[in-house]
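Peer 1: Each residue of the sequence shown is one higher than the last, beginning at 1 in UniProt numbering.
We put the beta carbon where it would ideally sit given N, CA and C, even for glycine.
Can you keep this structure in mind? I'll have questions shortly.
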Amino acid sequence: MPTSTLRTGHVGFLIRRHDPIVAGIEDKIAAWTFLPKDCSVDICFHTENGEDIQVLRYEPGQKYDPHYDYFSDKVNIARGGHRIATVLMYLTDVAKGGETVFPSAEVISSTTLFVYLAEGNF
Numbered sequence: 001m002p003t004s005t006l007r008t009g010h011v012g013f014l015i016r017r018h019d020p021i022v023a024g025i026e027d028k029i030a031a032w033t034f035l036p037k038d039c040s041v042d043i044c045f046h047t048e049n050g051e052d053i054q055v056l057r058y059e060p061g062q063k064y065d066p067h068y069d070y071f072s073d074k075v076n077i078a079r080g081g082h083r084i085a086t087v088l089m090y091l092t093d094v095a096k097g098g099e100t101v102f103p104s105a106e107v108i109s110s111t112t113l114f115v116y117l118a119e120g121n122f
C-alpha cells in the first residue's frame, strides 16, 4: 500500500556493492558520470558520491508527481548534500505513458535529453 501521494508506484533499493551485478552497474555509472568511488578500504563503496540504486515499478494509473530533487534533512546534507546528477535506466518500454519529464529543460524527449547530457551538457 502506498505511503505517499507524491509517488504511488512500487519502490525497492539495491544495496551498494551487494553482489557482482549491482557492483557492475555501479562501476558503469561511476565511469559514465566521472564520479569516483571511495576505495579507501579493500572493497570500493560509493559512499561519497552515490546512493543505493532505486528500482521503481509503476502499474497503470500509478504516478510520481512533479517534484524537486533536494534534501532538507541534516543527515543527507552532512553526507554530501544535494544530488548533482541522476542516472535513469529504463528496463522496459511502453507504448503510452511512462515518461520522465524535466519541465524546465529545453529538450522535448528523453532520447534528446540523454544525448544532450551524454555530450557533457550538465
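With C-beta atoms as the reference, is residue 65 less than 8 Å away from residue 6?
Peer 2: yes
Peer 1: Note down the Cα distance separating residue 33 from residue 61, rounded to an integer number of angstroms.
Peer 2: Computed Cα separation, rounded: 33 Å.
Peer 1: Please list the terminal residues of the continuous beta strand (DSSP E) segment that includes residue 53.
Peer 2: 53-57
Peer 1: If we cut at 8 Å on Cβ distances, does residue 36 have a partner in chain B?
Peer 2: Judged by its chain identifiers, the structure shown contains no chain B, having just a single protein chain.
Peer 1: For the beta strand (DSSP E) that residue 12 lies in, which residues bound it at each end?
Peer 2: The continuous beta strand (DSSP E) containing residue 12 extends over residues 10-14.
Peer 1: Determine the burial state of residue 99: buried for a count of at least 16 other Cβ atoms within 10 Å of its Cβ, exposed for fewer.
Peer 2: Answer is exposed; the Cβ neighbour count stays below 16.
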